[in-house]
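Note sheet for the following structure.
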Amino acid sequence: MFCGYCGDSIADASRFCGNCGSSVSNTHSKVTPSKAGFIGRLHSYGCSRMFFIGSILYSAGVLSLLLNFSLFAIVQLITAVLSVIGVWMVYSASKSPKTPESSLVGLTLFKVAAIIGLVIFCISLVPVIFSGWEMLISDDWGGALIALSFIAFAIIIALFVFYYVALFNVLKSIREGVNNNNVREIKSCGSFVILSFISIGLRIIQDLIFLSMRAAMDAMMFELLREIPSEYRGLVSSLLPNFDTLPILLSLASSVGLIILVVTLKQFADSIKHNPIS
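Here is the structure:
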């Protein structure tokens, strides 16, 4: 039989679940894993190999920001660290489900990181909107182009707003599920997955462009050094900027990890939707 609280298998002679400590005498304890409670399913996906691999790759984003550190990256680094800690706290809580409430701490860190990201995004919009508006009301010949740029910009803002609304709904549904050990569905999960893939895809395209640009710059530097006499190549090479590709590769790894985590979330949401908790 299986525990209705965490979904772990229980020996027939056992009185308590060895995984979470729930009493086997509970009528909800003798169920199949597909009928386990919300917390059991959350732990099942949270400690899966897929979630573990995704967490490792996603953590590479912090190393990428540290290697490519700048004043602007401080805020990004804070949100990335909070998100990574949240991921690993969910994984840790899933591996030790005797204290399921600890997974709520990880969800709280996700929410804090999302709020910080949303605030910084809104603040960064202010100078862009004001400068764009001044250009739009001027008699510059590029007014039509600027207007089209504003339309595209508005679409991007709308996507970001929908993304954060969907994210907060997902986190709220998971929190309710942990508190009640039951929830009918993960709200806005489908929208969150689609918007996440769009965001991750754009980030991957950006990283690939930077990677190709740096490869082109390395080729140009190589050709430049070939034209310099051999006795001066060492000196000139030390003066040239170093185009390190490691932060970009780590950023790409982080994007792949985030894709894996989003797919795991989708699988978890589908298990709740197609196999309702009794």
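Heads up: the sequence shown begins at 1 in the numbering used here, then just goes up one per residue. From the three backbone atoms N, C-alpha and C, an ideal C-beta is built for every residue, glycine too.
Please look up how many angstroms separate the CB atoms of residue i and residue j, rounded, as I've assumed it's under 8 Å.
{"i": "Leu82", "j": "Val62", "result": "Incorrect: roughly 10 Å between the Cβ atoms, too far for contact."}
{"i": "Ala80", "j": "Leu250", "result": "Between Leu250 and Ala80 the Cβ distance is about 11 Å, and since that is not below 8 Å, they are no contact."}
{"i": "Val281", "j": "Ser55", "result": "As shown, the chain starts at 1 and ends at 278. That puts residue 281 outside it, with no answer to give."}
{"i": "Ile272", "j": "Ile186", "result": "6 Å"}
{"i": "Cys47", "j": "Lys95", "result": "5 Å"}
Beta-carbon separation of residue i and residue j under 8 Å?
{"i": "Ser255", "j": "Ile205", "result": "no"}
{"i": "Ser199", "j": "Tyr164", "result": "no"}
{"i": "Ile156", "j": "Asp207", "result": "no"}
{"i": "Ile260", "j": "Met50", "result": "yes"}
{"i": "Leu265", "j": "Arg175", "result": "no"}
{"i": "Phe268", "j": "Tyr45", "result": "yes"}
{"i": "Asn182", "j": "Phe38", "result": "yes"}
{"i": "Leu246", "j": "Leu67", "result": "yes"}
{"i": "Leu171", "j": "Leu107", "result": "yes"}
{"i": "Leu167", "j": "Ala114", "result": "yes"}
{"i": "Val262", "j": "Ser196", "result": "yes"}
{"i": "Tyr91", "j": "Phe153", "result": "no"}
{"i": "Leu109", "j": "Ile85", "result": "yes"}
On the CB-based measure, 16 or more other CB atoms within 10 Å of its CB, does residue i come out buried or exposed?
{"i": "Asn26", "result": "Residue placement at Asn26 is flagged as unreliable, the pLDDT there being 47, under the threshold of 50; a coordinate-derived value is accordingly withheld."}
{"i": "Ala93", "result": "buried"}
{"i": "Val161", "result": "exposed"}
{"i": "Ser212", "result": "exposed"}
{"i": "Ile209", "result": "exposed"}
{"i": "Phe130", "result": "exposed"}
{"i": "Thr32", "result": "Confidence at Thr32 is low in this model, with a pLDDT of 44, below 50, so the placement of that residue is unreliable and no value is reported for it."}
{"i": "Ser29", "result": "The predicted model places Ser29 with a pLDDT of 43, which falls under 50 and marks its position as unreliable; any figure quoted below should be read in that light. Result: buried."}
{"i": "Met89", "result": "buried"}
{"i": "Leu252", "result": "buried"}
{"i": "Phe121", "result": "exposed"}
{"i": "Ser14", "result": "exposed"}
My output table needs one value for residue i: the three-state DSSP class, helix, strand or coil.
{"i": "Glu176", "result": "helix"}
{"i": "Asn169", "result": "helix"}
{"i": "Arg184", "result": "coil"}
{"i": "Ser44", "result": "helix"}
{"i": "Ser96", "result": "coil"}
{"i": "Tyr108", "result": "In the sequence under discussion, the amino acid at residue 108 is Thr, which differs from the Tyr named in the question. Thr108: helix per DSSP, three-state reduction."}
{"i": "Gly245", "result": "The question names Gly, yet the displayed sequence has Thr at residue 245. Three-state DSSP puts Thr245 in coil, outside helix and strand."}
{"i": "Thr32", "result": "For Thr32, the pLDDT reaches just 44, beneath the cut-off of 50, and the residue's location in the model is therefore unreliable, although a value from the coordinates is still provided. Reduced to three states, the DSSP call for Thr32 is coil."}
Just to check, is the beta-carbon of residue i closer than 7 Å to a non-hydrogen atom of the ligand GDP?
{"i": "Lys111", "result": "With respect to the ligand GDP, the structure shown offers nothing to examine, as it has no ligands at all."}
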